[in-house]
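Numbering (the working numbering), first residue to last: 157 to 401. Even glycine gets a Cβ: it sits at the ideal position worked out from N, Cα and C. Note that the structure is predicted; figures quoted are calculated from it, not measured.
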Amino acid sequence: MPGFRRRMLESASKRGSRVVLALDLWEPYQERLGRAEEVLGQTKDRIAAVKINQHLLLPFGLQGLKPIVKMCEREGLPLIADLKINDIEPTNLIAVDSLFDFGFEALTANPFVGWRDGLEKVVERVHERDGGVLLLVYMSHGGADEGYGLRLKDGTPVYELFAERAKQWKADGVLVSAKSAELIAQTRTVVGKDCLIFSPGVGAQGGDPAEWYETGADFMIVGRAVTGATEPRAALTKIVAQGRG
């Protein structure tokens, strides 16, 4: 089993949790890094991994996130960069090397950009560095159906095409909305059992932890329901219990 997938499953087993904590913070940016450290410090033993996106990467950069990266390294928590890479190959490779040089071990990417001169070398480079590539298959926001729900001329939904690409391109995981058990089940049929399914949308976007557990996805991604809570650990504990995480 490839390294990233193995580390995710080992982390989940060790901590008794299948929650990936999205450190999405909405405070003024001057307060975000301190709040991120506080939330992570309270929850680090009850999560399987950490996901970081522009909420922290834009104002602080990779250098500024060293405290978060170091905490994840000490705790053995896989760290995922949620940049949804979607550019030409040279730019994508700069992003990969920058992220991995600073301690990230997985990233999200948009299959829409294509394979040739898009994601081919990205997958190759990430796997050379024993990391993981997670492809977007179906996002969790209200307008996701306007893109991922479109159909090709032969009637195939775009999200099924993206799931097929994930399998063909040997992605380590896919992201599929937690709000639809049907979407997750169909994606599993396409990608098979060896590709991890990460489900965003639990909590603030309406996904139910208890219903998520029945979908067959591997990990739930939770952000604002925890990071925005007065007591992050208590909020996370409740979600884990509801989702049997």
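The beta strand (DSSP E) with F375 in it runs from where to where?
Start and end: 375-378.
Hey, out of P246, G299, D286, whose CA is closest to E276's CA?
Among P246, G299, D286, the Cα nearest to that of E276 belongs to P246.
Starting from G329, trace the beta strand (DSSP E) in both directions and tell me its first and last residue.
Residues 329-332.
Taking the alpha carbon of V393 as the reference point, which residue from G259, K200, S169 has its own alpha carbon closest?
Val is not the amino acid found at residue 393; the sequence shown has Thr there. Checking every option, the nearest Cα to that of T393 belongs to K200.
Considering K207, what are the terminal residues of the beta strand (DSSP E) in which it resides?
Its beta strand (DSSP E) spans residues 205-208.
Which class does I250 belong to by DSSP, given the choice of helix, strand or coil?
Residue state, collapsed to three classes: helix.
Check this for me: beta carbons of E261 and L235, under 7 Å apart or not?
Yes; because the gap between Cβ atoms is below 7 Å, this pair is in contact.
Can you grab the Cα-Cα spacing for the pair T345 / P184, in whole Å?
Those two C-alpha atoms are separated by around 42 Å.
Report the option in L317, D328, C228 whose CA atom is closest to the CA atom of G288.
Here the closest residue by C-alpha is D328.
Helix or strand or just coil, what does DSSP make of F256?
Three-state DSSP puts F256 in a helix.
So which of R191, A168, Q186 has the shortest CA-CA distance to L426?
As displayed, the chain neither begins before 157 nor continues past 401, which places residue 426 out of reach and without an answer.
Could you tell me the boundaries of the beta strand (DSSP E) in which A262 lies?
Taken as a continuous stretch (DSSP letters only), the beta strand (DSSP E) holding A262 covers 262-265.
Nearest-angstrom Cα distance between C228 and G274?
Straight-line Cα distance between these residues: approximately 30 Å.
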